[in-house]
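Chemist: Attaching a single structure in C-alpha cells format; questions to follow.
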C-alpha cells in the first residue's frame with residue numbers, strides 16, 4: 001500500500017500540530033508537532049509528500065507522509081492566506097493577503113524566494129489549480145468573486161461573480177467542477193470550471209473552513225471548525241456524514257446513526273488534505289447511496305454530463321470531446337485496450353463505459369432516444385486526446401430534432417391525466433404550467449428514484465432530465481419560469 005493511502009490530514013490549531021488518521025478512525029497519530037502558527041496544507045499524493053505553511057516563521061516545509069525527512073522549501077513569506085496550498089507539476093502556489101498577490105515557488109526547493117504570479121489584487125484568499133487546463137483559480141474577499149488565470153499569470157478573468165468568504169477551494173478535474181467553502185453563508189458552493197451553474201451544494205454547516213476532494217471516490221471532505229469536526233458527502237451534496245466529531249473529555253470514538261466512519265476528537269481543526277487514493281482503501285471506494293444505514297449500493301463511475309451530437313442522415317453521432325470531458329477522453333487512451341471502452345446499445349438507449357488504466361470509470365448513459373436505433377450496427381471510435389465518437393445507426397432515416405424525447409412536461413401530464421381528447425390534453429398541460437414553480441417530475445421509467453440525490457429531489461421546480469439523473473433542467477439558475485407561469489395562469493383554456 002502507498003504511504004498515506006486512505007488517510008486524512010489536518011492542522012490542529014490548538015495543539016499547533018498536523019494530525020493524521022485512517023478514515024475508519026483507527027491509527028490516529030501526530031505527524032508533525034511543535035509548530036508555531038501552521039496555516040495552509042497540501043498533499044502530493046503521487047510523491048507521498050505533505051507541505052504546510054507557517055505564519056510565524058514565514059516558511060513552507062514538507063515531510064514524507066510517514067513524517068520522515070522534514071525539509072524547508074520556501075522562506076520569506078509575508079502573510080499566506082486561506083487554508084490550502086495549491087500544487088501543480090513543479091510549483092507550490094498560495095495567496096498572500098498583505099501583498100495582494102498570488103505567489104509561487106519551485107517545489108524542489110531550488111527557488112526558496114517566492115515569485116509573483118498575479119499582482120494588484122484586492123484581498124486574495126483561497127487558491128486551487130486545474131490539473132488538466134493548468135488554470136489557477138482563487139477567491140477574493142475584496143471583490144467577493146472567484147477569479148482565474150493561466151498558469152503563467154496572464155489572462156486574468158472573473159469566473160464567478162459571487163465568491164465571498166472563500167477560505168478554501170478545490171478543483172475536481174475529473175468532473176470539471178470547482179468547489180469552495182463560504183463561512184459567511186455556512187455552505188459549500190460548486191460551479192463548472194467556466195463559472196456556469198453556480199449553486200450551493202451543501203448548506204447549514206458550522207464554520208466551514210476547509211474542503212478537500214477524493215476525485216475517484218467522488219467524495220468531498222470538509223472541516224467545520226465551530227463544531228470541531230470533519231464531515232464528508234458525495235460531490236453532488238448527498239449523503240452528508242460525520243467523519244469526525246469533537247468530544248471535550250477525551251479521544252473517544254463517536255458514531256452517528258447514519259455514519260459509516262468513526263474518528264475522534266479533533267481539538268481545533270483548521271486546514272485539511274487527503275492522502276493518495278488506492279483501490280483497497282476506504283478513501284477510494286465509490287460513493288454510497290443508501291435507503292437505510294444497512295442498505296448500501298455502490299456507484300461505480302463518474303457520469304459524463306457534457307457531450308454534443310449531430311444528425312448525419314443514416315446515423316446520429318454523439319461526441320465526448322477533450323474540451324468538455326478531458327478526464328474521460330484521457331482515460332480512453334487510444335481505445336485499443338480491451339477494457340478501455342464498453343458500449344451497451346439498446347433500441348432506444350445506450351450506455352458507454354470508459355475505464356482508465358488506473359481503474360477510474362466514466363459513464364455516458366442516454367435513455368429515451370428520439371427514434372429507434374439498430375444496436376448491432378452502432379459503434380464507438382476514439383481519436384486519442386481529442387474525442388470519443390458514438391455512432392448510432394438509425395432504424396429509419398427520419399431526421400432527429402433532439403437526441404432524446406424532451407417534451408417532458410407534456411409527456412408527464414399525458415401520463416398522469418390520461419386525457420380523452422386534444423382539448424383536455426391542452427387544458428391539463430396549461431394547468432401544469434400555471435403551477436410550474438411547484439412542479440416535481442422524476443422519470444421512474446428511465447432510472448430509479450434512488451439514483452437521484454436528496455438535494456435534487458428537494459428542489460422546486462424539479463423536472464429531471466430523463467437521460468441524466470444528476471441534472472434538473474428546471475433549476476432556477478438554468479431556467480426562469482416566472483413568465484411561463486404568468487402566461488399560463490392568464491390563459492382561458494378550459495377542459
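In full-length UniProt numbering, the protein residues as written are 1 to 495.
Glycine is no exception: its CB is placed at the ideal position from the N, C-alpha and C atoms.
(1) For residue 179, which of 453, 173, 169, 425 has the nearest alpha-carbon?
(2) Contact between the stretch 133 to 147 and the stretch 78 to 96 is defined here as three or more beta-carbon pairs at a separation below 8 angstroms; is this criterion met?
(3) Please state the DSSP three-state secondary structure of residue 393.
(4) The alpha helix (DSSP H) with residue 485 in it runs from where to where?
(5) Are the CB atoms of residue 201 and residue 451 nearer to each other than 9 angstroms?
(6) Short check: CB of residue 74 to CB of residue 273, under 9 angstroms?
(7) Taking residue 434 as the reference, give the member of 491, 464, 387 with the closest Cα.
(8) Name the residue from 71, 313, 416 whose alpha carbon lies nearest to the alpha carbon of residue 401.
(9) Tell me the start and end of each unbroken beta strand (DSSP E) in the stretch 104 to 130 that is at least 3 residues and wholly inside, in chain order.
(10) Helix, strand or coil for residue 464, going by three-state DSSP, please let me know.
(11) Does the beta-carbon of residue 225 have 16 or more other beta-carbons within 10 angstroms, so that it is buried, or is it exposed?
(12) Hey, could you find the ends of the beta strand (DSSP E) residue 42 is sitting in?
(13) Could you name the residues of the same chain whose beta carbon sits closer than 6 angstroms to that of residue 67, not counting the 5 residues immediately before and after it, in chain order?
(14) Please give the ranges of any beta strand (DSSP E) in the stretch 303 to 365, keeping only runs that are unbroken, at least 3 residues long and fully inside the region.
(15) Checking the sheet assignment: what are the DSSP bridge partners for residue 94?
(16) Can the beta-carbon of residue 34 be found less than 9 angstroms from the beta-carbon of residue 59?
(17) Pick out whichever of 165, 177, 215, 158 has its Cα sitting closest to the Cα of residue 185.
(18) Which residue wins for smallest C-alpha separation from residue 147, given the options 192, 370, 372?
(19) Among 441, 134, 199, which residue has its Cα nearest to the Cα of residue 171?
(20) What do you get for residue 336, buried or exposed, if any count of 16 or more other CB atoms within 10 angstroms of its CB means buried?
(21) Skipping 5 residues on each side, what residues in its chain have a beta carbon closer than 8 angstroms to that of residue 85?
(22) Given a threshold of 16 other Cβ atoms within 10 Å of its Cβ, counted over all protein chains shown, does residue 283 qualify as buried or as exposed?
(23) Could you compute how far the alpha carbon of residue 288 sits from the alpha carbon of residue 344?
(24) Are the CB atoms of residue 328 and residue 318 within a distance shorter than 9 angstroms?
(25) What's the gap between the Cα of residue 351 and the Cα of residue 302?
(26) Using the three-state DSSP reduction, which class does residue 197 fall into: helix, strand or coil?
(27) Could you give the residue range of the alpha helix (DSSP H) that holds residue 53?
(28) Grouping DSSP H, G and I as helix and E and B as strand, with all else coil, what is residue 374?
(29) From the beta carbon of residue 223, is the nearest beta carbon of chain B less than 9 angstroms away?
(30) Using only alpha-carbon positions, find the residue among 174, 108, 152 that is nearest to residue 47.
(31) Note down the Cα distance separating residue 214 from residue 361, rounded to an integer number of angstroms.
(32) Out of curiosity, what's the CA-to-CA distance linking residue 268 and residue 223?
(33) What separation, rounded to the nearest whole angstrom, lies between the Cα atoms of residue 463 and residue 473?
(34) Let me know if residue 162 comes out buried or exposed under the rule of 16 or more other beta-carbons within 10 Å of its beta-carbon.
(35) So, with DSSP's three-state summary, where would you put residue 256?
(36) Is the separation between the beta-carbon of residue 10 and that of residue 271 shorter than 9 angstroms?
Modeler: For this structure:
(1) Per the Cα distances, 169.
(2) Touching, yes.
(3) In the displayed model, residue 393 falls within a strand according to three-state DSSP.
(4) Unbroken alpha helix (DSSP H) run through residue 485: 482 to 490.
(5) Going by C-beta atoms, residue 201 is not nearer than 9 angstroms to residue 451.
(6) Their beta carbons are not under 9 angstroms apart, which means residue 74 does not touch residue 273 by this criterion.
(7) Relative to the Cα of residue 434, the nearest Cα in the group 491, 464, 387 belongs to 491.
(8) Comparing Cα positions, the closest option is 313.
(9) With a minimum length of 3 residues, the continuous beta strand (DSSP E) runs that stay inside the stretch 104 to 130 are 115 to 118, 124 to 129.
(10) The answer is strand: DSSP assigns residue 464 an E or B state.
(11) The residue in question, residue 225, is buried, as its Cβ has 16 or more Cβ neighbours within 10 Å.
(12) Segment 38 to 44, the beta strand (DSSP E) holding residue 42.
(13) Result list for residue 67: 31, in chain order.
(14) If one requires a minimum length of 3 residues, the beta strand (DSSP E) runs lying completely within the stretch 303 to 365 are 308 to 311, 315 to 321, 341 to 346, 349 to 355, in chain order.
(15) Looking at the DSSP output, residue 94 sits in a beta bridge with 103.
(16) No. Outside cutoff.
(17) Residue nearest to residue 185 within the set 165, 177, 215, 158 is 165 (criterion: CA-CA distance).
(18) Of the candidates 192, 370, 372, the one whose C-alpha sits nearest the C-alpha of residue 147 is 192.
(19) Nearest C-alpha to residue 171: 134.
(20) The residue is exposed, with fewer than 16 neighbouring Cβ atoms inside 10 Å.
(21) 40, 41, 42, 51, 52, 53, 60, 92, 93, 94, 127.
(22) With a pLDDT of 34 at residue 283, under the threshold of 50, the predicted position of this residue should be treated as unreliable, and no value is reported.
(23) Any answer about residue 288 is weak, because its pLDDT of 35 lies below 50 and its placement is not dependable; what the coordinates show is given next. Cα to Cα, residue 288 sits roughly 24 angstroms from residue 344.
(24) Result no, Cβ atoms of residue 318 and residue 328 do not sit closer than 9 angstroms.
(25) The alpha-carbon atoms of residue 351 and residue 302 are separated by roughly 13 angstroms.
(26) Three-state DSSP puts residue 197 in coil, outside helix and strand.
(27) Careful: residue 53 lies outside any alpha helix (DSSP H), inside the beta strand (DSSP E) at 49 to 54.
(28) Residue 374 carries a coil assignment under DSSP once its states are collapsed to helix, strand and coil.
(29) This model lacks chain B altogether; it includes just one protein chain.
(30) For residue 47, the nearest C-alpha among the options comes from 108.
(31) Whole-angstrom Cα-Cα distance: 14 angstroms.
(32) Each residue's alpha carbon lies about 10 angstroms from the other.
(33) Computed Cα separation, rounded: 6 angstroms.
(34) Around the C-beta of residue 162, fewer than 16 other C-beta atoms lie within 10 Å, and the residue is accordingly described as exposed.
(35) With a pLDDT of 32 at residue 256, under the threshold of 50, the modelled position of that residue is not reliable, and no figure is offered here.
(36) Contact: yes.
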